[in-house]
Amino acid sequence: MFTSVDNLALDEGESTVNRVHELLADSSLSLEDLLSAVVSTIIAAVPSIKSRNIFRVVCEQAVTGRLDDEALRVADLLSAHDLKDPDTAYVVYSLLLQLSEKCPNAVRRLDSHEWLAHLAHALIAQPMPGRTEQIASQLLCKVCDNRELSLSELEIFQHDFLASLCALIEQTRDKILDHNHSYIRAVVAIHDQFAQKFAARAVVVNPVLQILEERIDNSKTFTENFVLLFNRAEARGLRLKMVEFLDNVLANPSTRNLFYTNDLGVILDVVLRETRNVDADDETLHQKYIFLLPLLINLPGSSWPPQCRRQVEKLLVEIRDGPFVRPNTRHAAGRALMGRTRKNSE
Numbered sequence: 001m002f003t004s005v006d007n008l009a010l011d012e013g014e015s016t017v018n019r020v021h022e023l024l025a026d027s028s029l030s031l032e033d034l035l036s037a038v039v040s041t042i043i044a045a046v047p048s049i050k051s052r053n054i055f056r057v058v059c060e061q062a063v064t065g066r067l068d069d070e071a072l073r074v075a076d077l078l079s080a081h082d083l084k085d086p087d088t089a090y091v092v093y094s095l096l097l098q099l100s101e102k103c104p105n106a107v108r109r110l111d112s113h114e115w116l117a118h119l120a121h122a123l124i125a126q127p128m129p130g131r132t133e134q135i136a137s138q139l140l141c142k143v144c145d146n147r148e149l150s151l152s153e154l155e156i157f158q159h160d161f162l163a164s165l166c167a168l169i170e171q172t173r174d175k176i177l178d179h180n181h182s183y184i185r186a187v188v189a190i191h192d193q194f195a196q197k198f199a200a201r202a203v204v205v206n207p208v209l210q211i212l213e214e215r216i217d218n219s220k221t222f223t224e225n226f227v228l229l230f231n232r233a234e235a236r237g238l239r240l241k242m243v244e245f246l247d248n249v250l251a252n253p254s255t256r257n258l259f260y261t262n263d264l265g266v267i268l269d270v271v272l273r274e275t276r277n278v279d280a281d282d283e284t285l286h287q288k289y290i291f292l293l294p295l296l297i298n299l300p301g302s303s304w305p306p307q308c309r310r311q312v313e314k315l316l317v318e319i320r321d322g323p324f325v326r327p328n329t330r331h332a333a334g335r336a337l338m339g340r341t342r343k344n345s346e
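Going by full-length UniProt numbering, the letters in the sequence shown line up with residues 1 to 346, in that order.
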């Protein structure tokens, strides 16, 4: 009887977890020796574990016990690894990603310019990306989520890198959707870093917007899958970044035609839904959704049916006149009713 590939991967995953648990239970090992042994054990199993879910479970189990207790030191040690070997890079990135789920501050240790540059290079190094590139993009998003990058670090994400990343999104249209979404999240996360840095300098153009302007007729996959992500996003941080991204793209004359008419219809439906459903205590997110409504409904060149405009007006009036709405949110709805967007309300 033949054993399926999935069963072989499952068996190898289980045996790898057992070997890792044995290492974690060995109190005679120093932290450095323990981590080195764990990394070596997982690297040896990489060729046999084809399932990304099983590999993720292996890495989840690895960052327990002492490796979890001393997460910051473990992050330092992992970031010092030589990542030239692709299997080593895959394991180190995966362990850091799982470590960051338990200890978000762990990714703050990845603060050297060289390390961030290596991560960015890993993301776009291959013409047809695979598992390492996907993990690199997820880890890059974690870094962006947990600390503000310096101007020198942001220089890593300039024209050539961003152009390659956007091209990668289009090239992976027919590949695994999770991979494609990882790259889109990376674009959104990098845009957010630039937006924060340039918030007080309106004359400085966000490099992400510059690339999208250049690729305005070559971003079909990006826009379609961005809308899918926007519709399904649950994490508050991601929702904030995506709303900010839309605000900047649609307010910029050079990029406001990035999305197709059908995409804009879905975006409006999502914004209406989330404006109704967002936690009233989350004023920041609520107001960002509110200010997207006039931006969408008054977008130059758009031709919304009358019922869409009525829906928007009805919702904004309900918020403005609602008895339990906070004053700042009520004021935002009133401004939006007058056609004011976030940028011309600041």
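Each residue gets a CB set at the ideal place from its N, CA and C atoms; glycine is no exception.
It should be emphasised that the depicted structure is a prediction, and the values quoted were computed from it without experimental measurement.
Supposed contact pair residue j and residue i - C-beta distance, whole angstroms, cut 8 Å
| i | j | result |
| --- | --- | --- |
| Ile135 | Ser94 | 5 Å |
| Cys141 | Ile211 | Between Ile211 and Cys141 the Cβ distance is about 18 Å, and since that is not below 8 Å, they are no contact. |
| Ala117 | Ile156 | 5 Å |
| Arg109 | Ala75 | 4 Å |
| Ala233 | Met242 | 6 Å |
Selected residue, minimal CA-CA separation from residue i, among the options
| i | options | result |
| --- | --- | --- |
| Ile54 | Ala333, Glu12, Arg340 | Glu12 |
| Val187 | Thr223, Asp217, Phe198 | Thr223 |
| Val107 | Arg273, Val143, Lys220 | Val143 |
| Leu288 | Ala336, Asn257, Ser254 | Contrary to the premise, residue 288 reads as Lys rather than Leu in this sequence. Of the listed residues, the one whose Cα sits closest to Lys288 is Ala336. |
| Trp115 | Pro86, Leu97, His81 | His81 |
| Glu133 | Asp178, Phe230, Glu60, Val243 | Asp178 |
| Lys314 | Ser30, Ala333, Ser303, Glu170 | Ala333 |
| Asp279 | Ala45, Arg256, His21, Ile319 | Ile319 |
| Asp247 | Pro294, Glu213, Leu67 | Pro294 |
| Thr261 | Phe245, Pro253, Met242, Ile297 | Ile297 |
| Thr255 | Lys84, Glu234, Glu283, Glu214 | Glu214 |
| Ser302 | Val74, Ile124, Phe259, Glu283 | Phe259 |
| Asp26 | Arg66, Arg52, Ala233 | Arg66 |
| Ile42 | Val74, Val20, Gly130 | Val20 |
| Arg330 | Ile290, Pro305, Arg309 | Ile290 |
| Asn146 | Ile124, Ala125, Ile190 | Ile190 |
| Leu96 | Asp85, Lys84, Leu119, Leu23 | Leu119 |
| Val249 | Leu168, Pro207, Ser112 | Pro207 |
Local conformation of residue i per DSSP, three classes
| i | result |
| --- | --- |
| Pro253 | coil |
| Asp6 | Low confidence applies to Asp6: its pLDDT is 47, below 50, so where it sits in the model is not reliable, and the reading given next is rough at best. Note: Asp6 maps to helix in three-state DSSP. |
| Thr172 | coil |
| Glu234 | coil |
| Pro323 | coil |
| Met338 | coil |
| residue 363 | Within the shown structure, residues of the chain are numbered from 1 to 346, placing residue 363 beyond reach of any answer. |
| Leu123 | helix |
| Leu299 | coil |
| Thr16 | helix |
| Glu133 | helix |
| Leu29 | coil |
| Asp11 | helix |
| Glu70 | coil |
| Phe157 | helix |
| Asn328 | helix |
| Ile81 | A small fix is needed here, since residue 81 is His in this sequence, not Ile. Three-state DSSP puts His81 in coil, outside helix and strand. |
| Asn206 | coil |
| Ala199 | coil |
| Ile49 | coil |
Local Cβ density within 10 Å of residue i, reported as buried at 16 or more and exposed below that
| i | result |
| --- | --- |
| Asp192 | buried |
| Pro300 | exposed |
| Arg273 | exposed |
| Gln307 | exposed |
| Cys78 | Reading the sequence as shown, one finds Leu at residue 78 and not Cys. Buried. |
| Met338 | exposed |
| residue 347 | The requested residue 347 does not occur in the structure, where the chain is confined to residues 1 to 346. |
| Val227 | buried |
| Asn105 | exposed |
| Ser4 | Low confidence applies to Ser4: its pLDDT is 43, below 50, so where it sits in the model is not reliable, and the reading given next is rough at best. The residue is exposed, with fewer than 16 neighbouring Cβ atoms inside 10 Å. |
| Asn180 | buried |
| Glu148 | exposed |
| Ala71 | buried |
| His286 | buried |
| residue 359 | The structure shown has nothing for residue 359, since the chain only spans 1 to 346. |
| Ser151 | What sits at residue 151 in the sequence shown is Leu, not Ser. Looking at its Cβ environment, which holds fewer than 16 other Cβ atoms inside 10 Å, Leu151 is exposed. |
| Asn231 | exposed |
| Thr221 | buried |
| Arg276 | exposed |
| Phe324 | exposed |
| Pro47 | exposed |
| Asn218 | exposed |
| Lys102 | exposed |
| Gln138 | buried |
| Asn328 | exposed |
| Met1 | No answer about Met1 holds up, because its pLDDT of 31 lies below 50 and its placement is not dependable. |
| Thr284 | exposed |
| Ala235 | exposed |
| Val204 | exposed |
Proximity test, residue i beta-carbon vs the ligand SAM heavy atom, cut-off 7 Å
| i | result |
| --- | --- |
| Asp174 | Among the components modelled here there is no ligand, and therefore nothing to report on the ligand SAM. |
(request) Could you say if the stretch 157-176 and the stretch 264-284 meet the contact criterion of at least three C-beta pairs nearer than 8 Å? (result) no
(message) Between the stretch 43-59 and the stretch 24-35, can you find at least three pairs of beta-carbon atoms closer than 8 Å?
(response) no
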